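Have a look at the structure below before the remarks.
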Amino acid sequence: MSSVMVMVLVIISLFIPAVRPSQDLWKLECLPTVGIVAETTVINCNFKDIPKIEIVAVTLKNATDNKQIFFKHEDEKSGDPRLSLLALGPSLQISDTKFSDEGDYLYRVITDRGETTVQLRITITATYKNLNSSTWPINVTDGGPVNLYCNATDGYPAGFIHWFDHSGTNWTINSELTKASKDIDGLKSVALSSKLTFKSINLDLGPFRCIVLNSKYMQVGESTLQITSARISSIKGSSETSTTHIVAGVMVIGSLIVGLLCALLIFRKKKVQRYESGNTAENDLESDYKS
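Read in order, the letters of the sequence shown are residues -21 to -1, 1 to 270 in mature numbering (1 follows the signal peptide of the UniProt record, and there is no 0).
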């Protein structure tokens, strides 16, 4: 297959017009490329110093082993199906980017004005996620000790976590950052875990923000950490307890009142029944006497 491609390129080169500007009069430039795992990566390339040029064919090879990764000539295409030439070229596109795409490449472009080969590099990253923050203890005493925690996972390469209080003061220098790297079947990731310790904290410094940065010190995530005051929590707990006791007391009193009302109604009913029975007896006696 590779020999057929070589023959095709030779034939294409023969059909390029003999009278053409020198290749030195135009250039192909490709910007350094940073791709993100599982997303689409564009390798931005452009022609310099020439107003109009038509692409005849392109090839992309691995610079390390010279293995051809991609070839395109008109409707003919071979190599990695994730690669494609953007509409007007010469930029390339990689769909579903993988860590294995990272490396150095040789990009050859044949045009109606000549041909050129440039070397380009692709760097692959992964975005940090599962960002969360917490405190220990959960309820913090003003002036007491506390540890603030911030974690992020599945990023690559290793990044950083910075700490700021509500006024914007950077507390990162007082924190401890742990980086745990993994490489499972070529899928690389780094988990970040930061701990900021206070032996005596002023609760007025809160809320705190933990900022996750990538390897280029660009922000990729943020979490706001509200610190729960032990005093407020205690007052809230006492308030809830008092409310519970009040509700319970009201229910008991209500039950007693209902019981008393029921007893009163039963007593009245019996009294009325006795009264009616007495009247009936008197009426019977009166009737007998008249008879």
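By construction, the Cβ of each residue, glycine as well, lies at the ideal position given by its N, Cα and C atoms.
Keep in mind it's a predicted model, so treat the numbers as computed, not measured.
Beta-carbon separation (whole angstroms), residue i vs residue j, contact threshold 8 Å
i, j, result
"D121", "L182", "5 Å"
"V16", "F78", "6 Å"
Beta-carbon gap between residue i and residue j smaller than 7 Å
i, j, result
"Y107", "A137", "no"
"H141", "I190", "yes"
"L127", "F187", "yes"
"T102", "V13", "yes"
"D80", "A42", "no"
"L192", "F139", "yes"
"K51", "V37", "yes"
"S208", "L110", "no"
"S70", "C24", "yes"
"C9", "L64", "no"
"L7", "T95", "yes"
"K167", "Y196", "no"
"E18", "T104", "no"
"G185", "I152", "no"
Host beta strand (DSSP E) of residue i (start-end)
i, result
"Q205", "Premise fails: Q205 is in no beta strand (DSSP E) and is neither H nor E."
"residue 343", "Only positions -21 to 270 of the chain appear in the structure, and residue 343 is not among them; the question remains open."
"residue 280", "The shown model of the chain, from -21 to 270, leaves out residue 280, and the question about it has no answer."
"L192", "F187 to L192"
"K195", "From DSSP, K195 is part of no beta strand (DSSP E); its letter is neither H nor E."
"T148", "Per DSSP, T148 belongs to no beta strand (DSSP E) and is neither H nor E."
Per DSSP, cross-strand counterpart(s) of residue i
i, result
"N181", "Beta-bridge pairing links N181 to no other residue."
"H52", "A36 and E55"
"G15", "Strictly speaking, residue 15 in this sequence is Ile, with Gly absent from that position. Paired residue(s): T104."
"V97", "Y86"
"E81", "E81 is not bridged to any residue."
Any non-hydrogen atom of the ligand FAD within 6 Å of residue i CB
i, result
"L156", "With respect to small molecules bound, the structure shown includes none, and the ligand FAD cannot be examined in it."
The region 109 to 124 touching the region 151 to 167, judged by at least three CB pairs closer than 8 Å: no
contact_flag[the region 171 to 178, the region 87 to 105] where n(CB pairs < 8 Å) is 3 or more: no
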